[in-house]
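*Asks:* As you go down the protein sequences, you meet chains A and B in turn.
Mapped onto the working numbering, the consecutive letters of the first sequence carry residue numbers 1 to 298.
Mapped onto the working numbering, the consecutive letters of the second sequence carry residue numbers 299 to 614.
Yeah, the Cβ is synthetic: ideal placement off N, Cα and C, and Gly gets one too.
Pasting in a structure now, in structure tokens, and then I'll have a few things to ask.
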Amino acid sequence: MATTGTTPDRGDLELQVNAAAEAEQRRQRRFVVRTLFRSPTFLAGLVILLFWIFMAVFSTHVTQSPTNTGGAILASPSGAHWFGTDDLGRDVFARTMAGAHTVLIIAPLATALALLWGGIVGLIAGYHRGLTDDIIMRIVDAFLALPVIITAILIIALLGRSYAVLIVVIGALFTPVVSRTVRSAVIGEREREYVMAARLRGERSAFVMAREILPNITQPIIVEGTVRLGYAVFTAATLSFLGFGLEPPSPDWGLVIASEWSNLQTAPWVVLAPALALASMVVAVNLVADGISSAFSK
Amino acid sequence: MARFIGRRLLLMVPTLVLVSILVFALSEILPGDLGRFILGPYASQSAVTQLDHKLGFDKPIYVRYFEWAGHFVTGHWGTSYQYTNLSVFSIVEHALGNSLLLAGFALVIIVPTSIAVGVFAGLRRDSLLDRIITVSSLSMTVIPEFVSGVILIVIFAVELNWLPASATPPVGSPFVDRFYYLILPAIPLMLLELGYIARMARAGTVQVLNQPYIRTATLKGLPQRRVVFSHVLRNALVPTVTVIGSQVGWLIGGLVVIETVFVYPGIGNYTVHAALNHDQPLLEACVLVIAVIYMVSNLVADVVVALLNPRIRKSS
Numbered sequence: 001m002a003t004t005g006t007t008p009d010r011g012d013l014e015l016q017v018n019a020a021a022e023a024e025q026r027r028q029r030r031f032v033v034r035t036l037f038r039s040p041t042f043l044a045g046l047v048i049l050l051f052w053i054f055m056a057v058f059s060t061h062v063t064q065s066p067t068n069t070g071g072a073i074l075a076s077p078s079g080a081h082w083f084g085t086d087d088l089g090r091d092v093f094a095r096t097m098a099g100a101h102t103v104l105i106i107a108p109l110a111t112a113l114a115l116l117w118g119g120i121v122g123l124i125a126g127y128h129r130g131l132t133d134d135i136i137m138r139i140v141d142a143f144l145a146l147p148v149i150i151t152a153i154l155i156i157a158l159l160g161r162s163y164a165v166l167i168v169v170i171g172a173l174f175t176p177v178v179s180r181t182v183r184s185a186v187i188g189e190r191e192r193e194y195v196m197a198a199r200l201r202g203e204r205s206a207f208v209m210a211r212e213i214l215p216n217i218t219q220p221i222i223v224e225g226t227v228r229l230g231y232a233v234f235t236a237a238t239l240s241f242l243g244f245g246l247e248p249p250s251p252d253w254g255l256v257i258a259s260e261w262s263n264l265q266t267a268p269w270v271v272l273a274p275a276l277a278l279a280s281m282v283v284a285v286n287l288v289a290d291g292i293s294s295a296f297s298k
Numbered sequence: 299m300a301r302f303i304g305r306r307l308l309l310m311v312p313t314l315v316l317v318s319i320l321v322f323a324l325s326e327i328l329p330g331d332l333g334r335f336i337l338g339p340y341a342s343q344s345a346v347t348q349l350d351h352k353l354g355f356d357k358p359i360y361v362r363y364f365e366w367a368g369h370f371v372t373g374h375w376g377t378s379y380q381y382t383n384l385s386v387f388s389i390v391e392h393a394l395g396n397s398l399l400l401a402g403f404a405l406v407i408i409v410p411t412s413i414a415v416g417v418f419a420g421l422r423r424d425s426l427l428d429r430i431i432t433v434s435s436l437s438m439t440v441i442p443e444f445v446s447g448v449i450l451i452v453i454f455a456v457e458l459n460w461l462p463a464s465a466t467p468p469v470g471s472p473f474v475d476r477f478y479y480l481i482l483p484a485i486p487l488m489l490l491e492l493g494y495i496a497r498m499a500r501a502g503t504v505q506v507l508n509q510p511y512i513r514t515a516t517l518k519g520l521p522q523r524r525v526v527f528s529h530v531l532r533n534a535l536v537p538t539v540t541v542i543g544s545q546v547g548w549l550i551g552g553l554v555v556i557e558t559v560f561v562y563p564g565i566g567n568y569t570v571h572a573a574l575n576h577d578q579p580l581l582e583a584c585v586l587v588i589a590v591i592y593m594v595s596n597l598v599a600d601v602v603v604a605l606l607n608p609r610i611r612k613s614s
């Protein structure tokens, strides 16, 4: 299945084999897509996720201003303010919709970083085995011996709070887990004939890893990526809640829940709205992830 | 068995050393000038130099690491910057006791509930009930614990007024009262773990049900109850116990959040406040203690798995 690009001196037979392999790949992809769109849980997750992506981009055009402090203070939900107002008289509905923005920037970028770094580390560890593998896996174990939240707190307390810090820290802390997944996928592939053939052709190991093995382990990487995305949303929101995320007046859900905590008894909607929004987003991401992984395993 | 445990304990040593280097690097080297870090940007340079010297920050890195690690091993954990005159050891000891009480109470609820749910779903594989249980418990698992905490507090503490919204009873209440106050904090932790443990218990049950010996047990006329309890459970529990061990890390992460939500003086709450207030000695101690507990609980899980499954015990 490895396609290594076409060179002019290749024989007809090889072109045919390539074409057949590509047709097979296309067929498989169509099958996965069809399975996905028949899964009600996947579709539900997708719709909710698309809703939040839409809100993250356009919320300021479709809701009241999330920063306008004109309304009554801590007003109950009503026709004018669907989710009531907060302690500064801001519309809770508008702020909740705008709150999708921060998570949807941090979580996907952090996941992308983790996939990139974890992919590189996993490819190297799995392909070279031996001492390199042992050393890398020991370090990975050490990272995994600490709960992610604890390490994140330790680092953010030093580096300060910003988008960049959150993205890099979450990305870095997810790297060990991703590298483990990639490593085991690589170990499954490295003894295959096509890898042997590439080596005998005299390809450099970087080429074998990136152009031969990598295209054949995209499925586990995609699954790992979608699962990690769910955890990234979870982790980003939790860090915000604990005071290690963005700074006020950001409408970030975790931050709003923490800062409006004192109003929980008198005006629960202020806290409940971002909480339910966050719950819907993490569940949506995980439904999508679950759908993708079961479509691949069919 | 003793050899198995001994080997695993030995394997923990290099990981622990690496973790300690990691914590040391993050908290003692990364901030750069620690005296400046503690005193802030407005302190005079002479005061910073003086503090650096007093705390030994001007020595070479490897000397500092060995001194630092030595102090930890011998129980000299220093004094907290934040709570002046309190030894870090006594703070951590007190906090750890509280956390273990909460975590233990949560585990006592979590483990039987999730195993029961999982086995129940596994016995009714592919039924509507099974699908509902699987999807909803997994969805619960991915919701951050402060979110479920908020929802539970609003329902049970604010609206219904059945349970207290804080986790600590008023001073002078009898010890048993503490558990009443821990019910609400324990539920988000349960929701966090339920999905994984139930999923493993379900998968284990489904797999075991297909084994010939279960058919034999049923065919020789054993009542369903006996088949489930004495034949299915024992083997279905092996993967479940493994996953319970691996979930302890999540449970600790969950404790950090839940202790903050319910203002409970446990080790997670102290870790967060130590980090927010740059209380390095307390922060390092909390993190190292958490790492040790995490590793030990993984070891305990492996030992229990080995006890349940002689194949693993013998092969190592």
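1) Quick check: what's the CA-CA separation for A:Phe51 versus B:Gln545?
2) With a threshold of 16 other CB atoms inside 10 Å of the CB of A:Met309, please say whether the residue is buried or exposed.
3) Would you report the Cα separation of B:Val561 and A:Ser259, rounded to the nearest angstrom?
4) For the segment 146-166 of chain A, list every residue whose C-beta sits within 7 Å of some C-beta in chain B, in sequence order.
5) Starting from A:Asn286, find everything on chain B with Cβ-Cβ shorter than 9 Å and list it in chain order.
6) Taking the alpha carbon of A:Thr266 as the point to measure from, which residue in A:Phe37, A:Asp86 and A:Leu131 has its own alpha carbon closest?
7) For the alpha helix (DSSP H) that B:Gln348 lies in, which residues bound it at each end?
8) What three-state label does DSSP hand A:Thr235 in the structure shown?
9) Quick one, are the C-beta atoms of B:Val448 and A:Val271 less than 8 Å apart?
10) List the residues of chain B that A:Pro318 touches, going by C-beta distances under 7 Å, in chain order.
11) Could you pull the DSSP bridge partners for A:Asp91 from this structure?
12) Rounded to a whole number of angstroms, what is the C-alpha to C-alpha distance between B:Ser471 and B:Ala463?
13) What do you get for B:Gln578, buried or exposed, if any count of 16 or more other CB atoms within 10 angstroms of its CB means buried?
14) Are A:Leu36 and A:Gly291 touching if we call contact CB-CB under 8 Å?
15) Distance, Cα to Cα, A:Val177 vs B:Ser342?
16) Please tell me whether B:Ser397 and B:Gly566 are closer than 8 Å, where the distance is taken between their beta carbons.
17) Mapping DSSP to helix, strand and coil, what is A:Ser262?
18) Could you list which residues in chain B have their beta carbon closer than 9 Å to that of A:Pro268, in chain order?
19) Tell me, please, whether the segment 183-202 of chain A touches the segment 94-103 of chain A by the rule of three or more beta-carbon pairs shorter than 8 Å.
20) What first and last residue would you give for the alpha helix (DSSP H) that runs through B:Pro563?
21) Can you round the beta-carbon distance between B:Leu316 and A:Ile139 to whole angstroms, since I take them to be within the 8 Å contact cut?
22) List the residues that DSSP assigns as beta-bridge partners of B:Ser385.
23) Can you list, in chain order, the residues of the segment 123-142 of chain A whose Cβ is nearer than 7 Å to any Cβ on chain B?
24) Please name the residue, chosen from B:Tyr479, B:Leu461 and B:Leu581, that lies closest to B:Val469 on a Cα-to-Cα basis.
25) For A:Gly5, does the count of other Cβ atoms within 10 angstroms reach 16, so buried, or fall short, so exposed?
26) One question on the structure: do A:Phe317 and A:Val223 come within less than 8 Å of each other, judged by their Cβ atoms?
27) Examine chain A for any beta-carbon lying closer than 8 Å to the beta-carbon of B:Thr540, and answer yes or no.
28) Within 10 angstroms of its Cβ, does B:His374 collect 16 or more other Cβ (buried), or is it exposed?
29) Curious, which full-length alpha helix (DSSP H) runs of at least 4 residues does the segment 140-220 of chain A contain?
30) So what's B:Ile299 in DSSP terms, helix, strand or just coil?
31) Quick check: what's the CA-CA separation for B:Tyr511 versus B:Val530?
32) Return helix, strand or coil for B:Ala463, following the three-state DSSP convention.
33) Would you say the beta carbon of B:Ile441 comes nearer than 7 Å to a heavy atom of the ligand HEM?
34) Taking a Cβ distance cut-off of 8 Å, strictly less, list which residues of the segment 489-515 of chain B are near chain A, in chain order.
35) Can you check whether the C-beta of B:Gly551 is within less than 8 Å of a C-beta belonging to chain A?
36) Quick one, which of A:Pro220, A:Ser162 and A:Ala164 has its alpha-carbon nearest A:Glu189's?
*Replies:* Checking against the coordinates, here is how it stands:
1) Position 51 of the first sequence, counted from the first residue, corresponds to residue 51 of chain A. Position 247 of the second sequence, counted from the first residue, corresponds to residue 545 of chain B. Each residue's alpha carbon lies about 32 Å from the other.
2) In the structure displayed, chain A extends from 1 to 298; residue 309 of chain A sits before or after that span and is not available.
3) Locating residue 561 of chain B in the second sequence gives position 263, counting from the first residue. Locating residue 259 of chain A in the first sequence gives position 259, counting from the first residue. The C-alpha of B:Val561 lies about 14 Å from the C-alpha of A:Ser259.
4) Listed in sequence order: Leu146, Pro147, Val148, Ile149, Ile150, Ile153, Leu154, Ile155, Ala157 and Leu158.
5) Locating residue 286 of chain A in the first sequence gives position 286, counting from the first residue. By Cβ distance, chain B contributes Leu436, Ser437, Thr439 and Val440.
6) As a first step, residue 266 of chain A must be located in the first sequence, where it is residue number 266. Taking only the C-alpha atoms, the option nearest A:Thr266 is A:Asp86.
7) Reading the second sequence from its first residue, position 50 is the one you call residue 348 of chain B. Membership of B:Gln348 in the alpha helix (DSSP H) is indicated by the continuous run Gln343 to Leu353.
8) For the purposes of this step, residue 235 of chain A is taken as residue 235 along the first sequence, with counting starting at 1. In the structure shown, A:Thr235 sits in a helix (DSSP, three-state: H, G or I).
9) Translated into positions along the second sequence, residue 448 of chain B becomes position 150. Translated into positions along the first sequence, residue 271 of chain A becomes position 271. Less than 8 Å separates the beta-carbon of B:Val448 from that of A:Val271.
10) Here chain A covers residues 1 to 298 and nothing more, so residue 318 of chain A does not appear.
11) Stepping through the first sequence from its first residue, residue 91 of chain A is reached at position 91. Per DSSP, the beta-bridge partners of A:Asp91 are A:Thr85.
12) By 1-based counting over the second sequence, the position of residue 471 of chain B is 173. By 1-based counting over the second sequence, the position of residue 463 of chain B is 165. Cα to Cα, the separation comes out at about 16 Å.
13) The sequence position of residue 578 of chain B within the second sequence is 280, counting from 1. Around the CB of B:Gln578, 16 or more other CB atoms lie within 10 Å, so the residue is classed as buried.
14) As a first step, residue 36 of chain A is located in the first sequence; it is residue number 36 there, counting from the start. As a first step, residue 291 of chain A is located in the first sequence; it is residue number 291 there, counting from the start. Going by C-beta atoms, A:Leu36 is nearer than 8 Å to A:Gly291.
15) Locating residue 177 of chain A in the first sequence gives position 177, counting from the first residue. Locating residue 342 of chain B in the second sequence gives position 44, counting from the first residue. The straight-line gap separating the alpha-carbon atoms of A:Val177 and B:Ser342 is approximately 44 Å.
16) For this step, residue 397 of chain B is matched to residue 99 along the second sequence. For this step, residue 566 of chain B is matched to residue 268 along the second sequence. Between B:Ser397 and B:Gly566, the CB-CB gap stays under 8 Å.
17) Residue numbering aside, residue 262 of chain A sits at position 262 when the first sequence is read from its first letter. For A:Ser262, the three-state secondary structure derived from DSSP is helix.
18) Position 268 of the first sequence holds residue 268 of chain A. Going along chain B in sequence order, the residues near A:Pro268 (Cβ under 9 Å) are Val448, Ile451, Val452, Val456 and Glu457.
19) Fewer than three beta-carbon pairs drawn from the segment 183-202 of chain A and the segment 94-103 of chain A are found closer than 8 Å, and the two stretches are therefore not classed as touching.
20) The count along the second sequence starts at 1 and reaches residue 563 of chain B at position 265. Unbroken run through B:Pro563: none, as it is neither H nor E.
21) Position 18 of the second sequence, counting from 1, holds the residue named residue 316 of chain B. Position 139 of the first sequence, counting from 1, holds the residue named residue 139 of chain A. Their Cβ separation, rounded to whole angstroms, is 7 Å, which keeps B:Leu316 and A:Ile139 in contact under 8 Å.
22) Position 87 of the second sequence, counted from the first residue, corresponds to residue 385 of chain B. DSSP, once it has assigned bridges, lists B:Thr377 as partnering B:Ser385.
23) Residues passing the 7 Å Cβ filter: Arg138, Ile139, Asp141 and Ala142.
24) As a working note, residue 469 of chain B is residue 171 in the second sequence. When only C-alpha atoms are compared, the closest one is B:Tyr479.
25) What you label residue 5 of chain A is simply residue 5 of the first sequence in a count that begins at 1. With a pLDDT of 49 at A:Gly5, under the threshold of 50, the modelled position of this residue cannot be trusted, and the question is left open.
26) For chain A, the structure presents residues 1 to 298; residue 317 of chain A sits outside this window and is missing.
27) Against the second sequence, residue 540 of chain B aligns to sequence position 242. No, its Cβ sits nowhere closer than 8 Å to a Cβ of chain A.
28) The residue you call residue 374 of chain B lines up with position 76 of the second sequence. Exposed, since its Cβ has fewer than 16 Cβ neighbours within 10 Å.
29) If we require 4 residues or more, the alpha helix (DSSP H) runs fully inside the segment 140-220 of chain A come out as 148-159, 163-189 and 193-200.
30) Here residue 299 of chain B refers to the residue found at position 1 when the second sequence is read from its first residue. Here the sequence assigns Met to residue 299 of chain B, which means Ile is not the residue at that position. Collapsing the DSSP output to three states places B:Met299 in coil.
31) Taking the second sequence and counting its residues from 1, the one referred to as residue 511 of chain B is at position 213. Taking the second sequence and counting its residues from 1, the one referred to as residue 530 of chain B is at position 232. Those two C-alpha atoms are separated by around 10 Å.
32) Residue numbering aside, residue 463 of chain B sits at position 165 when the second sequence is read from its first letter. Judged by DSSP in its simplified three-state form, B:Ala463 adopts coil rather than helix or strand.
33) Among the ligands in the structure shown, none appear at all, so the ligand HEM cannot be discussed.
34) Listed in sequence order: no entries.
35) Counting from 1 along the second sequence, the entry for residue 551 of chain B is found at position 253. B:Gly551 counts as touching chain A.
36) Stepping through the first sequence from its first residue, residue 189 of chain A is reached at position 189. That would be A:Pro220, whose Cα lies nearest to the Cα of A:Glu189.
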